[in-house]
């Protein structure tokens, strides 16, 4: 175990998975030092209050709050180095450049000059992302267009670059718009971009959510910490148990769909619908839970999306931090729904098309984004022409849910398939080679896979209030019971892991 931990700590270019024993051993060591610094910070604040200080005259280097930020930043950069090697220097360099430009933007009065500085800030944020994520895609497609040979450049996408880029852009835009007026130090800004629970796959966090919490020195309540542990356990079940186990079967089918029956392809589509939700929402639970243990509350990123009755509702519930980011920083600036129906439909379609491109440099993601854009346009059109006048009874709700889920699952095929040929093979097999006779042997050979898929779809019907009550009961449990539950989940996760931990799906985006 010790040798494995030493190798883990000294070897770069390995994605740090939250569903590994090595991470949790490392996190416990990190947490011990963090708790000591946090305790010293609280003691320092109490001393200042006893002495009646109304202003903070402590030197920068002596502030325990700054030591806490610096310590978390150091750990976060180590986390980034583990995933990307020395490409990690890109993050602090980008942070310094964009923070400096934002400071200039805050100090000048000219509105026109502010616009140019905002444009410069956005470009500085986007350039690394455009190079690492889209350079090969654009060059390969250009080479095909002009019919020339081209060998792709040796470019590896830095893990987490999409998420901290979007956070940097949102901060600059909010400062420009006057929505966030607080002056922040470079240390706080670097913390904001590099905070390790958010680094791999978000949720994308706004300045107004995180920065005010960095200034407060309050005791981490037991309720907050326990809620964080609840989310960590929930995330381990979703990601480390269900999603990682289903990934093995889903990968087999989607890699060679033509070699499997229609029934097996259908089960892979259902399995991937479960996998991608539990993978990403599970990681979000882990991120939010770890942050809560550190005394930082983040907003929910998923709100029972598979209960949605239409695509508009789905995108209000799925990956909320990303969908609201595109709404606030792309859809609304395009005109939103303020310039007539035709413009609203176009803006909606373009927003989802961009969301598809954001997910990856592949035409399959473009198709997925276009499908969701088209679906949103159709829903908005129908809503304008009497859809809301239909009676809202059990049957209309069930029909709406069924149509929405089927559409989402069809779109997931394009999201997962490597190319159009594989996506076409999935649908061809389902519609031309489907036989329920495959059900008994499938249940016999892949019993746990079948059970997890069926149970997951049943759990999709659980209401948010039920989950909140479950969390409240967990918080009231004695600490020994909480510890035993955590260890049981970790043991189950380790038992079901097949060879290695499945990589986080959204870490690739």
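Numbering (this note's numbering), first residue to last: 93 to 601.
Backbone N, C-alpha and C fix where the C-beta goes; we use that ideal spot for every residue, glycine too.
Determine the contact status of residue i and residue j, defining contact as a CB-CB distance below 8 Å.
i, j, result
"residue 421", "residue 265", "yes"
"residue 213", "residue 194", "yes"
"residue 588", "residue 369", "no"
"residue 488", "residue 400", "no"
"residue 526", "residue 534", "no"
"residue 323", "residue 381", "yes"
"residue 168", "residue 288", "yes"
"residue 232", "residue 244", "yes"
"residue 384", "residue 452", "no"
"residue 468", "residue 442", "no"
"residue 316", "residue 203", "no"
"residue 397", "residue 521", "no"
"residue 351", "residue 504", "no"
"residue 299", "residue 278", "no"
"residue 355", "residue 571", "no"
"residue 458", "residue 445", "yes"
"residue 190", "residue 260", "yes"
"residue 433", "residue 475", "no"
"residue 215", "residue 206", "no"
"residue 339", "residue 402", "no"
"residue 478", "residue 460", "no"
"residue 580", "residue 318", "no"
"residue 379", "residue 290", "yes"
Ignore the nearest five residues each way along the sequence and tell me which others in residue i's own chain have a CB closer than 7 Å to its CB.
i, result
"residue 585", "111, 328, 332, 333"
"residue 342", "360, 363, 364, 367"
"residue 303", "274, 276, 280, 284"
"residue 148", "Residue placement at residue 148 cannot be trusted, given a pLDDT of 48 that sits under 50; what the coordinates show is reported in the next sentence. If we look at residue 148 and ignore the five residues flanking it on each side, it has no Cβ neighbours."
"residue 129", "156, 159, 160, 163"
"residue 563", "319, 322"
"residue 154", "With a pLDDT of 44 at residue 154, under the threshold of 50, the predicted position of this residue should be treated as unreliable, though the coordinate-derived value follows. Within the same chain, residue 154 has no close Cβ partners at all."
"residue 345", "352, 356, 357, 360"
In its own chain, which residues sit with a C-beta less than 8 Å from the C-beta of residue i, not counting the 5 before and 5 after it?
i, result
"residue 454", "229"
"residue 456", "506, 507, 509, 510, 511, 512, 515"
"residue 326", "374, 377, 381"
"residue 210", "197, 264, 265, 268"
"residue 179", "248, 250"
"residue 574", "318, 321, 566"
Could you check whether the Cβ of residue i sits closer than 8 Å to any Cβ belonging to chain B?
i, result
"residue 346", "The chain inventory of the structure shown lacks chain B, comprising one protein chain alone."
Report all residues from its chain with a CB closer than 6 Å to the CB of residue i; omit the five preceding and five following residues, and keep chain order.
i, result
"residue 176", "250, 251"
"residue 429", "436"
"residue 151", "Because the pLDDT at residue 151 is just 44, under 50, the model does not fix this residue reliably, and the value given afterwards should be weighed accordingly. Result list for residue 151: empty, nothing under 6 Å."
"residue 440", "468, 469"
"residue 552", "398"
"residue 423", "439, 443"
"residue 546", "none"
"residue 501", "361, 365"
"residue 312", "387"
"residue 241", "none"
"residue 548", "366"
If residue i sits next to residue j, beta carbons under 8 Å apart, how far is it from one beta carbon to the other, in whole angstroms?
i, j, result
"residue 305", "residue 335", "Rounded, the Cβ-Cβ distance is 30 Å, inconsistent with contact."
"residue 374", "residue 330", "3 Å"
"residue 172", "residue 183", "6 Å"
"residue 530", "residue 353", "5 Å"
"residue 473", "residue 411", "That belief does not hold up - the Cβ atoms of residue 473 and residue 411 are roughly 24 Å apart, past 8 Å."
Report whether the distance from the Cβ of residue i to the nearest heavy atom of the ligand HEM is below 7 Å.
i, result
"residue 252", "This structure simply doesn't include the ligand HEM, nor any ligand for that matter."
Problem - Contact between the region 236-244 and the region 206-226 (3+ Cβ pairs under 8 Å) - result: The region 236-244, when compared against the region 206-226, does not touch it at the 8 Å Cβ threshold.
Exercise for the section: State whether the region 158-166 contacts the region 278-289, with contact taken as three or more CB pairs (one from each stretch) at a distance under 8 Å. Expected result: The region 158-166 is in contact with the region 278-289.
Exercise for the section: Pair every Cβ in the region 398-414 with every Cβ in the region 456-468, then say whether three or more of these pairs are closer than 8 Å. Expected result: A contact exists between the region 398-414 and the region 456-468.
Handout entry: Stretch-stretch touch, CB-based, cutoff 8 Å, three pairs: the region 293-305 with the region 389-399
Key = Touching, yes.
Practice task
State whether the region 348-362 contacts the region 413-429, with contact taken as three or more CB pairs (one from each stretch) at a distance under 8 Å.
Solution key: Cβ pair count under 8 Å is below three, so no.
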